[in-house]
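Everything below concerns the one structure shown next.
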Amino acid sequence: MSATLNILSKYDGRGVRKAKTDIKGLTKSALGVSLGIAGITTALVSLMKASSKAWMEDEKQATRLAYTLKNLGLGDAVTANEAFIASLEKSSGILDDELRPAFGRFVLATKDVAISQKLMKVAVDVSAGTGKDLSDVVNVLSRAMAGSRRGLLSLGTGIDETTLKSGKLTTIFGQLMKRFNGANMAQIGTKARMAADASVIISRAMESIGERVTNVVASTIVDLGKLWDIGVKFKEAFFAENQKAPLGGSMFLGKRIGWTASRPKGVAGVDAKKKELTLNQYLTQQDKKAATAKKQLNTEKAKSLQLTKLSAKYDLQLIGLAAAKKRNAGNAGVMGRLSDLTTLAQASAGLPVSASALAGAKNTQVPNVVVNVHGSVVTQHELTQMIKDSIAGGNKYGFGTWGGGL
Amino acid sequence: MPEPIVGADRILRTLDLIEPKLKRQTMTRLRKVAGHAAVWARASYPANDQVLSGFAYVNKSGLPPVSRTNRARAFPRYDRSAAQDGVKVTTRKGKAKVLNLQGSRYGFVNMIGLTLNDAAGSIMETAGTKNPAGEHPAGIDFIRGMAKATGVGIPLYKVVLPKIIDSRQDVSDIVASAERMITKVGA
Chain E
47 MSATLNILSK YDGRGVRKAK TDIKGLTKSA LGVSLGIAGI TTALVSLMKA SSKAWMEDEK
107 QATRLAYTLK NLGLGDAVTA NEAFIASLEK SSGILDDELR PAFGRFVLAT KDVAISQKLM
167 KVAVDVSAGT GKDLSDVVNV LSRAMAGSRR GLLSLGTGID ETTLKSGKLT TIFGQLMKRF
227 NGANMAQIGT KARMAADASV IISRAMESIG ERVTNVVAST IVDLGKLWDI GVKFKEAFFA
287 ENQKAPLGGS MFLGKRIGWT ASRPKGVAGV DAKKKELTLN QYLTQQDKKA ATAKKQLNTE
347 KAKSLQLTKL SAKYDLQLIG LAAAKKRNAG NAGVMGRLSD LTTLAQASAG LPVSASALAG
407 AKNTQVPNVV VNVHGSVVTQ HELTQMIKDS IAGGNKYGFG TWGGGL
Chain F
139 MPEPIVGADR ILRTLDLIEP KLKRQTMTRL RKVAGHAAVW ARASYPANDQ VLSGFAYVNK
199 SGLPPVSRTN RARAFPRYDR SAAQDGVKVT TRKGKAKVLN LQGSRYGFVN MIGLTLNDAA
259 GSIMETAGTK NPAGEHPAGI DFIRGMAKAT GVGIPLYKVV LPKIIDSRQD VSDIVASAER
319 MITKVGA
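So the protein lines, in turn, are chains E and F.
The first sequence: position 28 = 74 (my numbering), numbered continuously.
The second sequence: position 110 = 248 (my numbering), numbered continuously.
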């Protein structure tokens, strides 16, 4: 027999750790057994959850797109557009969750449903041809529509820089359609497309299940809402002084269950009266608009340049004062003040001015205030601005040929 | 048993990671303290004639003593020199003593201590120790008897344990200096 007396000791919890590990293992194995019994239930519940989530997400995106269209004044095209998305989903193997945001971007860029649908087809073809994601392609194309075309180089579409520099949408999209037309349809029958189609079918099936499950839950909530309404009516009937709208009530629950309502419905088809443009016509229009805008910008630039040159050559303040004097020749009081201002401006510009005139002007005039051509008192900044406008606007204030004369 | 010095193992482990040489030095110092405790403990064993009759070297019946290795004997006899030889410094970890309901062991294990290899010496040290089942009355009687016989005059008679308790201050100092080493070297 021997005994040990510790001078220094340490804690050893290995036994407990081992026991914990054993218990964990036991729990796992027990779970395995219970899964065998309750596995089907769990799987069903998880399927219902996942499908409900998928359907709700789908509905959320559909509603979002519908509101975008409504806000753009294209509410009539909602239903037809949903049909288009469904058909494109089938033909392209791309989920509607991806197609709707892409379509939304095109609609925002073009404000035209038919053109956006045509652009979507081009985008799907380019996506299939280049192997890039649809979202990337749509991103680049919608930017190109807005004027930023550098992204097209990164897509690997083979469009050269000369074409990009020309800036013509007709040429760019013409080349895209020429190169990638039918690329989407050509992939039908390939293994990758079959897998994509399968995922679309599964997604659709899950959404369908989710719709049914959610409707059942929603109908339960509606029933509860009815019960609430009955309660409220009962209360109103027996407590007449509380006739005001109760907290909650059917409206409250109606809002709560608003998400269960069916998707927004619109009149089928696009407005028949509106003449539908082809994509090429639309792009030509856009090119023309861009050219006009560019021309306008150049004119503005030229005017600005002319103004800069003139302001460098002449003193705008003195020009304004001379113009004001010319206009107010009959008004002695105004003329006196204008003369004083002219004296002050000449002195500040370093021109020779008589000392007595300058002293008089300093005594009588309030700095930074001048008389304009119509005789009213305005600030100096306004007067200068008016003169600038007159130069840019082609002498619209009737100053005549004062520029060279003064 | 004295309260364990908490965290000493972690300090030594950290010191080993930072500078193994310092850890070895610390362990040497600790062993030296344990050695001093052992020497002191050996000197504290009572003489052969100071123990109780059950421990006596010569039986009261006058018969020759039975061999110490004879397991058939009811109680081991006490021999001072054998008990002194049995006291040794050990660093063996041993088993955790506490058992929970599931049979898992946990608790404090030895880092440095004294082992008592002699049976009579061990009994003298452990008799009357409290255990989960309580304190055995025979053990209490033994402690009282030994206290009376040796003239220690305390009801709790132990030989080695008081020396271990006395050496705790030195051990604490060494552990604290090890901690300071970590702070210095680590910084």
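C-beta atoms are modelled at their ideal positions from N, C-alpha and C, and glycine is treated no differently.
In angstroms, rounded to a whole number, what distance separates the CA positions of residue i and residue j?
| i | j | result |
| --- | --- | --- |
| E/Lys455 | E/Glu257 | Residue 455 of chain E is absent from the model: chain E starts at 47 and stops at 452. |
| E/Val417 | E/Ala393 | No answer about E/Val417 holds up, because its pLDDT of 46 lies below 50 and its placement is not dependable. |
| E/Gly59 | F/Tyr244 | 5 Å |
| E/Ser181 | F/Gly145 | 59 Å |
| E/Glu135 | E/Ala348 | 51 Å |
| E/Asp143 | E/Ala65 | 49 Å |
| F/Gly266 | E/Gly71 | 42 Å |
| E/Asp333 | E/Ile248 | 43 Å |
| E/Pro413 | E/Ala405 | Below a pLDDT of 50, predicted positions are generally treated as unreliable, and E/Pro413, at 46, falls in that range; the measurement from the model is reported next regardless. About 13 Å. |
| F/Ser191 | F/Arg151 | 48 Å |
| E/Leu145 | E/Ala229 | 17 Å |
| E/Ala49 | F/Thr164 | 25 Å |
| E/Pro147 | E/Leu141 | 11 Å |
| E/Ala126 | E/Val91 | 35 Å |
| E/Ala337 | E/Thr330 | 10 Å |
| E/Gly235 | E/Met191 | 33 Å |
| E/Asn377 | E/Leu118 | 57 Å |
| F/Phe246 | F/Val313 | 17 Å |
| E/Gly421 | E/Asn409 | Residue placement at E/Gly421 cannot be trusted, given a pLDDT of 46 that sits under 50; the coordinates are not used to answer. |
| F/Val171 | F/Asn269 | 28 Å |
| E/Gly193 | E/Lys214 | 10 Å |
| F/Leu254 | F/Val236 | 21 Å |
Whose Cβ in chain E lies nearer than 7 Å to the Cβ of residue i?
| i | result |
| --- | --- |
| F/Ser242 | Gly61, Val62, Lys64, Ala65 |
| F/Asp147 | Lys56 |
| F/Asn281 | Inspection of the sequence shows that residue 281 of chain F is occupied by Ile rather than by Asn. Those do not exist, as F/Ile281 stays about 15 Å from chain E at its closest Cβ, beyond 7 Å. |
| F/Val298 | Leu51 |
| F/Thr264 | Ala49 |
| F/Ile143 | Leu54 |
| F/Thr228 | Thr50 |
For residue i, go through chain F and note every residue whose CB falls closer than 8 Å to its CB, in chain order.
| i | result |
| --- | --- |
| E/Ala100 | Chain F residues near E/Ala100: none, gap ~46 Å exceeds 8 Å. |
| E/Asp58 | Lys231, Ala234, Arg243, Tyr244, Gly245, Phe246, Val247 |
| E/Ser97 | Ordered by position in chain F, no residue passes the 8 Å Cβ test against E/Ser97, which lies about 44 Å from the chain. |
At a CB-CB cut-off below 9 Å, which residues of chain E make contact with residue i?
| i | result |
| --- | --- |
| F/Ile302 | Leu51, Asn52, Ile53 |
| F/Val129 | Nothing can be reported for residue 129 of chain F, as the shown portion of chain F is limited to 139 through 325. |
| F/Ala221 | Neighbours of F/Ala221 on chain E: none; closest Cβ ~12 Å, over 9 Å. |
| F/Ser191 | Under the 9 Å cutoff, chain E gives no residues; its nearest Cβ is about 20 Å from F/Ser191. |
| F/Ala172 | Ile53, Leu54 |
Can you tell me whether residue i is buried or exposed, with buried defined as 16 or more other CB within 10 angstroms of its CB?
| i | result |
| --- | --- |
| F/Glu273 | exposed |
| F/Ala316 | buried |
| F/Ile143 | buried |
| E/Asn128 | A quick correction: the sequence has Glu, not Asn, at residue 128 of chain E. Buried, because 16 or more other Cβ atoms sit within 10 Å of the Cβ of E/Glu128. |
| F/Val189 | buried |
| E/Gly61 | buried |
| E/Leu198 | buried |
| E/Gln163 | buried |
| E/Lys56 | buried |
| E/Val415 | Note on E/Val415: pLDDT 47, under 50, position unreliable in the model; no value is reported. |
| E/Met240 | exposed |
| E/Asn52 | buried |
| E/Arg196 | exposed |
| E/Leu397 | exposed |
| E/Ile267 | exposed |
| E/Ala375 | exposed |
| F/Arg318 | exposed |
| E/Ser173 | buried |
| E/Met17 | The shown model of chain E, from 47 to 452, leaves out residue 17 of chain E, and the question about it has no answer. |
Could you list which residues in chain F have their beta carbon closer than 7 Å to that of residue i, in chain order?
| i | result |
| --- | --- |
| E/Ser75 | The premise fails here: E/Ser75 is roughly 17 Å from chain F at the closest Cβ pair, so nothing lies under 7 Å. |
| E/Ser48 | Thr253, Leu254, Asn255, Ser260 |
By the criterion of Cβ-Cβ separation under 8 Å, what are the contact partners of residue i in chain E?
| i | result |
| --- | --- |
| F/Ser315 | Under the 8 Å cutoff, chain E gives no residues; its nearest Cβ is about 14 Å from F/Ser315. |
| F/Pro309 | The residue you asked about is not Pro; residue 309 of chain F is Val in the sequence shown. Under the 8 Å cutoff, chain E gives Ile53, Leu54. |
| F/Leu168 | Ile53, Leu54 |
| F/Ser305 | Ile53 |
| F/Ile250 | Asn52, Ile53, Leu54 |
Since residue i contacts residue j with CB under 8 Å, what's their CB separation in whole angstroms?
| i | j | result |
| --- | --- | --- |
| E/Ser97 | E/Met252 | 4 Å |
| E/Thr389 | E/Ala407 | 4 Å |
If we cut at 8 Å on Cβ distances, does residue i have a partner in chain A?
| i | result |
| --- | --- |
| F/Val177 | Going by chain labels, chain A is absent from the structure shown, which instead holds the protein chains E and F. |
Is the region 107-117 of chain E in contact with the region 257-266 of chain E, if contact means three or more CB pairs nearer than 8 Å? no
Given 8 Å, three or more beta-carbon pairs between the region 221-229 of chain F and the region 250-263 of chain F: yes
Three or more beta-carbon pairs under 8 Å between the region 293-312 of chain F and the region 254-269 of chain F, yes or no? yes
At least three beta-carbon pairs within less than 8 Å, the region 167-178 of chain F to the region 304-313 of chain F: yes
The region 149-165 of chain E / the region 116-126 of chain E touching (three or more Cβ pairs under 8 Å): yes
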